[in-house]
Amino acid sequence: NAGVTQTPKFRILKIGQSMTLQCTQDMNHNYMYWYRQDPGMGLKLIYYSVGAGITDKGEVPNGYNVSRSTTEDFPLRLELAAPSQTSVYFCASSYSVYSPSGNTIYFGEGSWLTVV
Amino acid sequence: GDSVTQMEGPVTLSEEAFLTINCTYTATGYPSLFWYVQYPGEGLQLLLKATKADDKGSNKGFEATYRKETTSFHLEKGSVQVSDSAVYFCALSDRPNGGSQGNLIFGKGTKLSVKP
Numbered sequence: 001n002a003g004v005t006q007t008p009k010f011r012i013l014k015i016g017q018s019m020t021l022q023c024t025q026d027m028n029h030n031y032m033y034w035y036r037q038d039p040g041m042g043l044k045l046i047y048y049s050v051g052a053g054i055t056d057k058g059e060v061p062n063g064y065n066v067s068r069s070t071t072e073d074f075p076l077r078l079e080l081a082a083p084s085q086t087s088v089y090f091c092a093s094s095y096s097v098y099s100p101s102g103n104t105i106y107f108g109e110g111s112w113l114t115v116v
Numbered sequence: 117g118d119s120v121t122q123m124e125g126p127v128t129l130s131e132e133a134f135l136t137i138n139c140t141y142t143a144t145g146y147p148s149l150f151w152y153v154q155y156p157g158e159g160l161q162l163l164l165k166a167t168k169a170d171d172k173g174s175n176k177g178f179e180a181t182y183r184k185e186t187t188s189f190h191l192e193k194g195s196v197q198v199s200d201s202a203v204y205f206c207a208l209s210d211r212p213n214g215g216s217q218g219n220l221i222f223g224k225g226t227k228l229s230v231k232p
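Protein chains in written order, with our numbering: chain A, 1 to 116; chain B, 117 to 232.
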């Protein structure tokens with residue numbers, strides 16, 4: 001019963017480095033999301049996807065990129081890491097908007113990223 | 117735009133005390149409302165939700181009632197335990213039935229510490 005799995009759990013990056021946060025879900029959800037959580041703040045949406053091959057920007061997309069080649073996977077890429085991207089990143093997934101019982105968004109355990 | 121405001125923390129209570137965490141919202145239309153809980157070192161978990169006015173969501177002894185007249189969704193528990201220590205997030209989705217296209221809007225979170 002894996003749910004949403006994201007890796008790595010912790011990472012330290014130097015300014016200007018690139019990395020990819022991996023996310024996979026085994027619930028056959030078509031919606032997937034990436035959020036960031038800054039200290040003392042709620043979550044902010046970075047990017048989301050409504051299905052394989054479709055992605056769209058959320059509230060804070062700058063400095064990030066995503067792809068969705070399969071239903072299961074939704075990696076988040078940081079191209080040129082900056083200190084402002086130090087945060088905790090959460091991947092999440094849910095069923096489509098047409099679920100009659102309403103949507104529950106399921107979160108991964110988070111990835112702690114520090115850019116120095 | 118839509119927003120969620122929840123009481124500032126941290127909140128420190130003794131075991132078996134009564135808990136209230138206030139949450140109010142601003143939204144156009146008829147949002148669905150959620151409480152998420154984040155235990156130390158973990159991702160967010162849905163605690164409860166309500167999808168229309170006067171609905172009461174409940175889970176694990178927690179409950180919250182969707183009050184449209186006061187635009188509120190306060191979280192309550194009659195007798196807290198040490199294991200309830202966590203950060204609690206109020207959130208809304210402006211899609212019917214809690215449907216989502218990445219538009220969960222979170223409050224800043226309220227940290228609860230319960231002492232034995």
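Glycine is no exception: its CB is placed at the ideal position from the N, C-alpha and C atoms.
Because the structure is a prediction, the values reported are computed rather than measured.
Residue i (DSSP reduced to helix, strand or coil)
i, result
"B/V198", "helix"
"A/Q17", "coil"
"A/S67", "coil"
"A/A2", "coil"
"A/V60", "coil"
Interface flag, residue i vs chain A, CB-CB below 8 Å
i, result
"B/F205", "yes"
"B/E158", "yes"
"B/K224", "yes"
"B/L208", "no"
"B/L149", "no"
"B/L163", "no"
"B/L228", "no"
"B/L220", "yes"
Cβ of residue i within 8 Å of any chain B Cβ
i, result
"A/F74", "no"
"A/I105", "yes"
"A/G110", "yes"
"A/L43", "yes"
"A/G40", "yes"
"A/F90", "yes"
Residue i - containing beta strand (DSSP E), residue span
i, result
"A/I105", "No beta strand (DSSP E) holds A/I105; DSSP gives it neither H nor E."
"A/Y47", "43-51"
"A/Q37", "31-37"
"B/E158", "First-last for B/E158: undefined, no H or E at that position."
"A/A92", "87-94"
For residue i: DSSP bridge partner residues
i, result
"B/N138", "Answer is none; B/N138 lacks a bridge partner."
"B/G173", "B/A180"
"B/I149", "According to the sequence displayed, residue 149 of chain B carries Leu and not Ile. Paired residues: B/A166, B/L208."
"B/E185", "Answer by DSSP bridge pairing: none, since B/E185 is not bridged."
"B/V127", "B/L228"
"A/D182", "As displayed, chain A neither begins before 1 nor continues past 116, which places residue 182 of chain A out of reach and without an answer."
"A/T7", "A/Q22"
"B/S119", "B/T142"
"A/L80", "Note: A/L80 sits in no beta bridge, so no partner."
"B/T192", "Position check: residue 192 of chain B holds Glu in this sequence, whereas Thr was assumed. Per DSSP, B/T136, B/E179."
"A/T114", "A/I12"
Same chain only: Cβ atoms within 7 Å of residue i, ignoring 5 sequence neighbours per side
i, result
"A/Q22", "Q6, T7, P75"
"A/L78", "S18, M19, G63, Y64, Q85"
"A/F107", "V4, F90, A92"
Close-in-space but distant-in-sequence residues of the same chain around residue i (CB under 6 Å, 5 per side omitted)
i, result
"A/V66", "Y47, T55, L76"
"A/W112", "F10, V88"
"B/L220", "A207, S209"
"A/T24", "T5, E72, D73"
"B/Q161", "V153"
"B/S195", "E132"
"B/G125", "T226, K227"
Nonlocal neighbours in the same chain, by C-beta distance under 8 Å from residue i, ignoring five residues either side
i, result
"A/T70", "A52"
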